[in-house]
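Trainee: My questions will all concern the structure given below.
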Amino acid sequence: MLNAPLIAGNDIRSMDDATKRILLNRDLLDVNQDWSGAQGRKVRDDGDQEVWAKRMSDGSVAVVLLNRGTSNAAVGATAAELGLPAARTYRVKDLWSKEEHASAGTIRGGVPAHGAVTYRVWTGGAKLGPLTSFTLTGPELVEADRPFTVSTSLVNDGTSPLMAARVQLQVPDGWVLDGSAVRETPSVRPGGSFTATWTVTARPIMAAATVKITAAAGYRTTAGTQARWSEIAPPLVTAPPKGSNGVSGLPFVSELNGWGPVERDRSNGEQSAADGRTITIGGVQYATGLGVHATSSVRIYLGAACTKFSALVGVDDEKEGRGSVAFRVVGDGRELATTPVLLGGAAAVPIDADLTGVRMLDLQVTDGGNGNDSDHADWASASITC
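For the sequence shown, position 223 matches number 310 in my numbering, and the numbering has no gaps at all.
Structure below.
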């Protein structure tokens, strides 16, 4: 989209399938190599969702629908926002699936979490089937034996109706739905949508196991039968066991880290997993804890079953006196404890927090306000009492 040089820095004899699919996708290459030289531009920014458009030499527009969020989303823009001329219909080609559909003027797609959809759009296409988007959304996590809600949305952005639309939800064996897994509607008019909602009760499978919930949509159009699907994979969580629990031994709901992965029972190290050293703060070594790099956030499910968090925190000695960080303990969005900015080479500082009633715990590290260079931080001997 931005006309960056396309360079294969790998041995073409041993490239993986994902790389091959990119380098051999003629439609994507055409976008990258278009002779007009026009760069793509961001035409919509809705926070985690963005729309980028690039004017092509033949008058069409290449479109990327980007979802930086953690849940599926319908992302789109109008033809006018994309810089297309006014027309009764627009021909929309998905540059990965190669499917072509007609839009009445809104160019939209169902985009998975941390994913993207790439289209190329021309005026015309009146004889094509309607452009649709289909998304399944649900909670960030699933608690065993506690009901939760999932929803699907089937949107018709075409110029002709969807007939006999049918949506089916599939959940793991043993889970309970409030009624039928199938929802139907006789038609979805152009510009309309069909939304279905289920209440689901999960049954225990394994602590912090990731489970898949899938929805499939089918319908008839003027161009024949079409199908769409969408999926979510929330972790199935349970509260930590009673007693004192080392944080490094607990499952994470999510983690963000400024350099490489969050490390358990070792310092942050570099970008590879398990490349850290013994956690060391101010010359003192610690056998357990978390090694992170600002800006960092680790989320842990407690389920209101725990009472206390404690740790010794500071900058790891592997950065040889450099680095400055601050630590925050946050429960259900509320700050429970914090430290001032701590400098490299200093002794560890204790941090404790009352966790009574807290369902979701976030352990956060910020960069001290001067950038995150050398900001290797440790939650040494971190424990949670339940």
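Cβ coordinates follow ideal geometry from the N, Cα and C atoms, glycine included.
#1: Taking the beta strand (DSSP E) that Lys141 falls in, what are its first and last residues?
#2: Pick out whichever of Asp232, Leu171, His463 has its Cα sitting closest to the Cα of Gln451.
#3: Could you spell out the range, first to last residue, of the alpha helix (DSSP H) harbouring Gln358?
#4: Which same chain residues end up closer than 7 Å to Ala251 when comparing Cβ atoms and leaving out the 5 residues on each side of it in sequence?
#5: Can Pro217 and Thr246 be called in contact, C-beta distance under 9 Å?
#6: So what's Asp104 in DSSP terms, helix, strand or just coil?
#7: Just to confirm the assignment, what range does the alpha helix (DSSP H) spanning Gln126 have?
#8: Within its chain, find whatever has a CB closer than 6 Å to the CB of Thr365; leave out the 5 residues flanking it on each side and keep chain order.
#9: From what residue to what residue does the alpha helix (DSSP H) around Val118 run?
#10: Can you tell which of Ser190, Ala413, Gly212, Pro291 has the C-alpha that lies nearest to the C-alpha of Val242?
#11: For the 8 Å Cβ check, are there 3 or more pairs between the stretch 420 to 430 and the stretch 348 to 363?
#12: Only counting the same chain, and skipping five residues up and downstream in sequence, which positions put a Cβ closer than 6 Å to that of Glu168?
#13: By DSSP, does Glu405 sit in helix, in strand, or in coil?
#14: For the structure I just gave you, are there three or more beta carbon pairs, one from the stretch 157 to 165 and one from the stretch 200 to 209, closer than 8 Å?
#15: Taking the runs of the beta strand (DSSP E) that are 3 residues or longer, which of them lie wholly in the stretch 273 to 300?
#16: Please report how far the alpha carbon of Val445 lies from the alpha carbon of Ile438, in whole angstroms.
#17: Please identify the residue among Asp145, Trp122, Val118, Ser123 whose C-alpha is closest to the C-alpha of Trp139.
#18: Would you kindly check if the distance between the Cβ of Ala433 and the Cβ of Val385 is under 9 Å?
Mentor: Once the coordinates are examined:
#1: Segment 136 to 142, the beta strand (DSSP E) holding Lys141.
#2: Of Asp232, Leu171, His463, the residue nearest in Cα terms is His463.
#3: Gln358 -> no alpha helix (DSSP H), and no H or E assigned at all.
#4: Here the set comprises Pro273, Tyr306, Arg307.
#5: Cβ distance < 9 Å, so Pro217 and Thr246 count as in contact.
#6: Helix at Asp104.
#7: Unbroken run through Gln126: none, as it is neither H nor E.
#8: Contacts found: Gln372.
#9: Looking at the DSSP string, the run of the alpha helix (DSSP H) that includes Val118 is 113 to 120.
#10: Nearest option by C-alpha distance: Ser190.
#11: As far as the Cβ criterion goes, the stretch 420 to 430 does not touch the stretch 348 to 363, which means the pair count is below three.
#12: Around Glu168: Val130.
#13: DSSP, read as helix, strand or coil, puts Glu405 in helix.
#14: Because the criterion of three Cβ pairs below 8 Å is met, the stretch 157 to 165 and the stretch 200 to 209 touch.
#15: Taken in chain order, the unbroken stretches of beta strand (DSSP E) that lie wholly in the stretch 273 to 300 and span 3 residues or more are 280 to 288.
#16: Approximately 17 Å, taken between the alpha carbons.
#17: Considering only alpha carbons, the answer is Val118.
#18: Cβ atoms of Val385 and Ala433: not closer than 9 Å.
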